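Q: Here the sequence shown stands for residues 111 to 570, numbered as in our numbering.
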Amino acid sequence: MPAMEALGDARRPLATRVYGVRLLYKPEVRRVLARLLAGVAVVYYLFRVTLQYVQLAQFPRLPFDYEQFRRAAQDIGAGRNPYQFYLDLHCTTWCLGGYIYTPLVAVILRPLNGLDDRTAAILWATFGHLMLVATIVVLYRGLRTDLTRTGLLFLLAAGLLFLPVLGSVAYLQPGTLLTLTLATAAVLYLRGRSRASVGAGAALGTAIVMKVTPILVAPALLPLGWARDRAARLGQPVRDAALAVAGLTLAAVVLTGGMLLLVPYTDQFFTMVLPRIGAGTTTFDNQSLPGVVAHTIELLGGTAPSAGLLTVAAALVFVGIPIALGALARPEVRGTRAARAAFFAAFLAAMPIASSITWWHHLVVSVVAVALLAVALWPAAGTVLVSQPARWLLVVAFPLMAVHIEDRTQTSALGITDPSVFEVLRVQLFESANLWGMLALWLAAVLVLWTAARPRAEAT
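(1) Measure the Cβ-Cβ separation of Tyr281 and His471 and say whether it is below 7 Å.
(2) Please return the same chain residues whose Cβ sits closer than 8 Å to the Cβ of Asp175, not counting the five positions on each side in sequence.
(3) With H, G and I counted as helix, E and B as strand and the rest as coil, what does DSSP make of Val496?
(4) Below 6 Å CB to CB, which residues in the same chain sit around Ala523 once its five sequence neighbours on both sides are set aside?
(5) Could you check whether Thr413 and Ala404 sit closer than 7 Å to each other, using their CB atoms as the reference points?
(6) Just mark Pro385 as buried or exposed, buried being the case when its beta carbon has 16 or more other beta carbons within 10 Å.
(7) Quick one: what does DSSP say Tyr250 is sitting in, helix, strand or coil?
(8) Let me make sure I understand the geometry here. Which of Pro565, Asn191, Arg305 has the alpha-carbon closest to that of Ala351?
(9) Report the residue from Ala452, Leu225, Leu326, Asn223 whose alpha carbon sits nearest the alpha carbon of Leu495.
(10) Alpha carbon to alpha carbon, how far is Leu574 from Gly367?
(11) Closest to Lys321 by CA distance: which of Thr446, Gln498, Val215 is it?
(12) If you reduce the DSSP assignment to three classes, tell me which class His472 lands in.
(13) Between Glu408, Ala295, Leu219, Leu300, which lies nearest to Gly357 when the distance is taken from Cα to Cα?
(14) Whose CA, out of Thr236, Leu263, Leu557, lies closest to the CA of Leu435?
(15) Which residue marks the beginning of the alpha helix (DSSP H) containing Leu146, and which one marks its end?
(16) Buried or exposed for Phe457, please, with buried defined as at least 16 other CB atoms from any protein chain shown within 10 angstroms of its CB.
(17) Whole angstroms is fine: what's the gap from Leu147's alpha carbon to Phe264's?
(18) What are the complete alpha helix (DSSP H) segments, minimum 4 residues, inside the region 200 to 236?
(19) Taking the C-alpha atoms as reference points, what is the distance between Arg444 and Leu240?
(20) Provide the residue span of the alpha helix (DSSP H) that contains Met382, from first to last.
(21) Quick one: Cα of Ala182 to Cα of Leu372, how far?
Written out as structure tokens, the structure is:
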């Protein structure tokens, strides 16, 4: 990732005295390192792809979640209820097993119904990899004028070596498709033109229909700086925002209407499935803030409040703060790509934090937020929004989000049955590494927005 560009700042003389680190201040060294890392990342990714295809062809059982997707696609093809398996589990919250996405993902998988399970799985895996390649192309074309070639190579290496990306495609999840949709929305949003605004809204509406939680990104369509610059209420930013909302609404209505026509059981997702998964789960694998808070309270012997209440509270905080800072953006930075990139990134970063359920592989979408923040923090040209603390937060966030924490129970995690407050917090410090990374990513975006909102004399 382009984190090494931060080392070009001559205001940190102490770092220049450390051999090895000092070399990274030289552009030619960074270029060589970027090419080397990108090459290693591509080779490693191709190795993982090859290994995945071998496992799909030889292992007796396919990935568990894929079995649920496959069954749902076959149920839709046969006119059956794709949610019946999950509903028959009689869960009051999330529980393992059954299809819990909107019908859109199963409809996309439906053309493979005529194939045997293993061939269909290999083709679905190929589709996931193609969506990742398409995401790389979209981000490259959208950000190539904002970042240096060295920065783009670091970003490529970081994305291909980011373990949730590899986990998403290995588990045959639709995560790369969702990532492509959000990356498209982000790139179109950065253009800041009327036609692009409609496309950005439509792409975001598609993501919302696919997985609901991207609705937390919708406030990114609000115009920057409207609270500080009253004239903006009648200006182009407001018109573009209105067009983006129109695009979002149109895409959501058309896709939802199409699902209702093609899948008569679509309403059961909204009335029966969504409320249950919205209630969350207290398993350790759930790394969302509501999930971590809930199972921490349970470990301490208490009764966790409603996951819905925790989710609403988290959304109000982690979505509300970027809205407030974006509204106060200074007029001179309001239309800059750096400010717009940080604004969109803040909501992308908030999405997995405030969600009721966030598994490790869901963090694949974070690569888009990282790429957007790179535009503000390591630009090809100078910018008034560079924040050194935000740079280091982003560098720290990346490995924390990549850590894969396996499921653990209270006994195996703590080794005791009656843990103290200190012991619970000590274990949670490690167990919730993904959440700390998500929080660091969100805070990095917020610091950039804070820079955009401060008076000019303070921001320089």
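A virtual CB, placed ideally from N, CA and C, is assigned to each residue, including glycine. Remember, predicted model here, so these are calculated numbers, not experimental data.
A: Let's see:
(1) yes
(2) Tyr281, Leu282, Gln283
(3) coil
(4) Note that Ala523 has pLDDT 48, beneath the 50 cutoff, so the model's placement of it is unreliable and the number below is only indicative. Excluding positions up to five away in sequence, the list reads Val537.
(5) no
(6) exposed
(7) helix
(8) Arg305
(9) Ala452
(10) Coverage of the chain is limited to positions 111 through 570, which leaves residue 574 absent and any answer about it impossible.
(11) Val215
(12) helix
(13) Ala295
(14) Leu557
(15) 137 to 168
(16) buried
(17) 7 Å
(18) 213 to 219
(19) 35 Å
(20) Looking at the DSSP string, Met382 is not in any alpha helix (DSSP H), and its letter there is neither H nor E.
(21) 13 Å
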